[in-house]
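Notes to accompany the following structure.
There are 2 protein chains.
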Amino acid sequence: MRLLLVEDDPLISRDVAAVLSKNGYLVDTESNGEEAWFKGDVEEYAVAILDLGLPGMDGLSVLKRWRENNRNFPVLILTARGNWSERVEGIDAGADDYLAKPFQMEELLARLRAIVRRASGQASPVITAGNMRLDTRTKSLTVNGSPVELSPMEYRCLHFLALNRDKVVSQMELTEQLYAQDFERDSNSVEVLIARMRRKLGKGVITTKRGFGYTLSDGDNS
Amino acid sequence: MRLLLVEDDPLISRDVAAVLSKNGYLVDTESNGEEAWFKGDVEEYAVAILDLGLPGMDGLSVLKRWRENNRNFPVLILTARGNWSERVEGIDAGADDYLAKPFQMEELLARLRAIVRRASGQASPVITAGNMRLDTRTKSLTVNGSPVELSPMEYRCLHFLALNRDKVVSQMELTEQLYAQDFERDSNSVEVLIARMRRKLGKGVITTKRGFGYTLSDGDNS
DNA sequence: TGATCATTGTCAGTTATTTGTAAGGTTCGT
DNA sequence: ACGAACCTTACAAATAACTGACAATGATCA
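The structure is reproduced here in structure tokens:
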């Protein structure tokens, strides 16, 4: 895991870098503000540790400029002991955490774990099948890149099919999923639903297995 | 924004709750570990403040049980000064930040802002969408560069939407965050709120996904 | 204290979309 | 060729969302 360590005191820098390396991080060190900013802007880091007292450009400005450019990797800042207004500023500038110097290495490691875990927990809940892509966050669907509007019922239906892709889903299963279980059995609402979706999705996406049910096919072997 | 405050000292609890309310949070307070756990497990909070020294179930256990049950709202823990091993434990148990008692209210507010926006995947305290820009520190909004006044309710609503940028937020979610959970269901106050904000923000900023909810979008999509 | 103003929830009326139903057509397997 | 399974279309009821007006509330200020 790549980590950028920005710290102007060479003694601290060397010690911290050593411990971090021993704990599995791939550490780049910088001591100058300008160069630190450049590095963070260009390289892909998983996390950065940033000392606020720096020659050149000060740490706060570095952080702000990163955030302005949408560099969203988590940043832990190092502050002087007791200077709590500096911490507030740092956090409001977009820092994810701070640590007052001097600090215990054990604590630094714990907080790195925490902010990395946080940042990586942003998995995008997207289901893909064939050339369609269902985003559960935005409740939106794109087919071949172009957006397709779905009504709530259609969305729920397609979502269920997408979760069971390549499996045959019977009308009864769909009925139980979409409606209360005591729904009238002699209704053709599911068929209508499928038809409406097909009109939007195009042919060949939902196939019928006569007598068994429907399948959302993954590969589009027409 | 709903917040759960877990603190057994009634004096501290009352003071902190007062300041938080004044800053736009919808605060529920709990003093007992068991009940705090239950509340956090059942309700939808945007963030929680958790004192580690509690009667009943201790704070660390409360936190662990939340995380085991996939309750992933950000948690800020309050620890005794100087007890850094407790902090490390807390963070590894799933806390997002800590604060040592006694603390400055200003700092508590800053860190709350930080963990809330971090949990939502935002790196910066300034959230932009389309041509609007929301500064969560000053609670101010500009559209196309010119400032726009928001009422408290409108700000809270827009803030919540901004935290969930590009995600569809249902009316129910909004209701739960803006009002207490026992709010009347058959009211259209959220719709009215949205309409009032749209009048100020212009069209295309808040889009409706009929049947699902609202989205604060980047504005350029039809 | 009383007037004024902003805020916010409620309501009624309107518009637009969604969805179940029914009726008739088509396809498939045997 | 027959029936069952499935498709398609149109329609009407139900539902969701928008809007403007109004009233209650509480803050502000002379």
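Top line first, the protein sequences correspond to chains A and C. As numbered in the numbering used here, the first sequence has no gaps in its residue numbers, which increase by one up to the final residue, 231. As numbered in the numbering used here, the second sequence has no gaps in its residue numbers, which increase by one up to the final residue, 231. Positions of the beta carbon are idealized from the N, C-alpha and C atoms, including for glycine.
query                                                                                                                                                                              : result
The beta strand (DSSP E) spanning residue 164(A) covers which residue range?                                                                                                       : First-last for residue 164(A): 161-172, but that is the alpha helix (DSSP H), not the beta strand (DSSP E).
Check the Cβ of residue 101(C) against every Cβ in chain A and list those closer than 8 angstroms, keeping chain order.                                                            : 119, 122, 123
Please tell me whether residue 221(A) and residue 179(A) are closer than 9 angstroms, where the distance is taken between their beta carbons.                                      : yes
Between which two residues does the beta strand (DSSP E) containing residue 222(A) stretch?                                                                                        : 222-225
What residues from chain A crowd round residue 290(C), counting only those whose CB sits closer than 7 angstroms?                                                                  : There is no way to answer for residue 290(C), as the model of chain C reaches only from 10 to 231.
With distances taken from CA atoms, which of 101(A), 21(A), 17(A) is nearest residue 66(A)?                                                                                        : 17(A)
Using only alpha-carbon positions, find the residue among 98(C), 88(C), 125(C) that is nearest to residue 105(A).                                                                  : 125(C)
Contact defined as beta carbons within less than 8 angstroms: I believe residue 59(C) pairs with residue 84(C). What is the distance between those atoms, to the nearest angstrom? : 6 angstroms
Going along the chain, which residues of its own chain have a beta-carbon closer than 6 angstroms to the beta-carbon of residue 11(A), five neighbours each way excluded?          : 35, 54, 55
Between 99(C), 143(C), 150(C), 118(C), which lies nearest to residue 97(A) when the distance is taken from Cα to Cα?                                                               : 118(C)
If the cut is a Cβ gap below 7 angstroms, which residues of chain A does residue 213(C) touch?                                                                                     : None at all; the shortest Cβ gap to chain A is about 15 angstroms.
Indicate whether residue 146(A) and residue 110(C) have their beta-carbon atoms separated by less than 9 angstroms.                                                                : no
Cβ of residue 88(C) within 9 angstroms of Cβ of residue 61(C)?                                                                                                                     : yes
On the DSSP letters alone, give me the boundaries of the beta strand (DSSP E) that residue 10(C) sits inside.                                                                      : Taken as a continuous stretch (DSSP letters only), residue 10(C) belongs to no beta strand (DSSP E), as it is neither H nor E.
Let me know the secondary structure DSSP gives residue 156(C) once reduced to three states.                                                                                        : strand
How is residue 231(C) classed by DSSP in three states: helix, strand or coil?                                                                                                      : With a pLDDT of 35 at residue 231(C), under the threshold of 50, the modelled position of that residue is not reliable, and the figure given next carries that caveat. It is coil, neither helix nor strand.
Which residues, in chain order, does the segment 144-169 of chain A contribute to contact with chain C at a C-beta distance below 7 angstroms?                                     : 146, 147, 148, 160, 161
When the distance is taken between beta carbons, is residue 128(A) closer than 9 angstroms to residue 173(A)?                                                                      : no
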